[in-house]
Amino acid sequence: DTAVSQTPKYLVTQMGNDKSIKCEQNLGHDTMYWYKQDSKKFLKIMFSYNNKELIINETVPNRFSPKSPDKAHLNLHINSLELGDSAVYFCASSPTLGLAGAKLKTQYFGPGTRLLVL
Amino acid sequence: QKEVEQDPGPLSVPEGAIVSLNCTYSNSAFQYFMWYRQYSRKGPELLMYTYSSGNKEDGRFTAQVDKSSKYISLFIRDSQPSDSATYLCAFRSYNTDKLIFGTGTRLQVFP
Chain A
1 DTAVSQTPKY LVTQMGNDKS IKCEQNLGHD TMYWYKQDSK KFLKIMFSYN NKELIINETV
61 PNRFSPKSPD KAHLNLHINS LELGDSAVYF CASSPTLGLA GAKLKTQYFG PGTRLLVL
Chain B
119 QKEVEQDPGP LSVPEGAIVS LNCTYSNSAF QYFMWYRQYS RKGPELLMYT YSSGNKEDGR
179 FTAQVDKSSK YISLFIRDSQ PSDSATYLCA FRSYNTDKLI FGTGTRLQVF P
């Protein structure tokens with residue numbers, strides 16, 4: 001029933017490890033996103049994909065690599081984890097822009113993955 | 119100057135109070151103005167959106183935009199304990215997916 005789901009919910013790992021977070025949406029949306037929310041609750045976009053094509057790629061270390069096997073899935077792989085990577089990572093999805101112009105593209109967020117790097 | 123400024127709070131009000139949450143922004147390219155609500159340990163959910171100056175009402179919630187002053191507000195009437203959450207303002211320019219969020223205001227409504 002869940003619209004946007006993420007696994008795992010919690011991830012505790014050691015510095016230097018490599019980890020992946022998975023995201024799936026069953027809303028039929030074409031666009032998916034990864035956001036990072038830091039300890040001060042600041043939510044910042046990292047990447048967006050439209051139909052498996054990378055659209056937004058913010059200034060993110062190249063240790064972070066998104067991968068979209070199909071338009072319903074967007075995974076995030078993080079290499080060589082650092083203490084500063086500790087945060088909550090949210091996946092989101094939205095429908096494609098309307099033909100009449102830039103209609104609102106409501107972004108639906110997943111429940112988040114809490115990553116703690118020790 | 120930060121692109122978006124939002125008072126982090128916390129804001130603590132009694133049940134039934136009128137709550138006013140505000141954000142200022144500096145980017146004139148912002149065309150879409152949104153408020154998201156985020157409950158503790160949950161993802162943000164869209165509460166209100168608008169794309170023009172003026173007021174938009176939805177039940178107990180009113181979103182207000184003043185483009186000339188680059189200022190947006192969210193008013194909550196008859197606040198309820200269930201409104202206790204963090205409220206994030208968000209902005210988007212024309213023809214882009216990218217949302218720019220404020221830092222969020224934590225609201226607590228006590229019975």
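In order, the protein sequence lines correspond to chains A and B. When we follow my numbering, the leftmost residue of the first sequence carries the number 1, and every step to the right adds one. When we follow my numbering, the leftmost residue of the second sequence carries the number 119, and every step to the right adds one. C-beta atoms are modelled at their ideal positions from N, C-alpha and C, and glycine is treated no differently. Values in this document were obtained by computation on a predicted structure and should not be read as measured data.
Quick one: residues in its chain with C-beta nearer than 7 Å to the C-beta of A/K169, no 5 flanking neighbours on either side, listed in chain order? The question about residue 169 of chain A has no answer, for chain A in this structure spans 1 to 118.
Is A/K40 close to chain B? Criterion is C-beta to C-beta, closer than 8 Å. On the first sequence, residue 40 of chain A is found 40 positions in, with the first residue counted as 1. Chain B contact via Cβ: present.
Could you check where the beta strand (DSSP E) with B/G172 kicks off and where it finishes? For the purposes of this step, residue 172 of chain B is taken as residue 54 along the second sequence, with counting starting at 1. Note, B/G172: beta strand (DSSP E), G172 to D176.
Buried or exposed: A/L83, going by 16 or more other Cβ atoms within 10 Å of its Cβ? On the first sequence, position 83 is the one that residue 83 of chain A refers to. It is exposed - the Cβ of A/L83 has fewer than 16 other Cβ atoms within 10 Å.
Excluding the five sequence neighbours on either side, which residues of its own chain have a C-beta within less than 6 Å of the C-beta of A/L99, listed in chain order? Against the first sequence, residue 99 of chain A aligns to sequence position 99. With a pLDDT of only 43 at A/L99, under 50, the local geometry of the prediction cannot be trusted, and the value read off the model is given with reservation. Counting only Cβ-Cβ distances below 6 Å, and skipping sequence neighbours, we find nothing.
Taking Cβ positions, are B/S211 and B/A147 nearer each other than 8 Å? Counting from 1 along the second sequence, the entry for residue 211 of chain B is found at position 93. Counting from 1 along the second sequence, the entry for residue 147 of chain B is found at position 29. Closer than 8 Å, so yes.
Cβ pair count under 8 Å reaching 3, the segment 51-61 of chain A against the segment 105-115 of chain A: no
Decide if A/D70 is buried, meaning its Cβ has at least 16 other Cβ atoms within 10 Å, or exposed. Looking up residue 70 of chain A in the first sequence gives position 70. It counts as exposed.
With C-beta atoms as the reference, is B/Q149 less than 8 Å away from B/Y167? Looking up residue 149 of chain B in the second sequence gives position 31. Looking up residue 167 of chain B in the second sequence gives position 49. In this structure, B/Y167 does not lie closer than 8 Å to B/Q149 by Cβ.
Selected residue, minimal CA-CA separation from B/G177, among B/S197, B/Q226, B/K120 and B/Y189: To locate residue 177 of chain B, count along the second sequence from 1; it is residue 59. Of the candidates B/S197, B/Q226, B/K120 and B/Y189, the one whose C-alpha sits nearest the C-alpha of B/G177 is B/S197.
Would you mind reading off the limits of the beta strand (DSSP E) that contains A/F42? Taking the first sequence and counting its residues from 1, the one referred to as residue 42 of chain A is at position 42. That residue, A/F42, is in no beta strand (DSSP E); it is neither H nor E in DSSP.
What is the DSSP secondary structure of B/S158, counted as helix, strand or coil? Position 40 of the second sequence, counted from the first residue, corresponds to residue 158 of chain B. Three-state DSSP puts B/S158 in coil, outside helix and strand.
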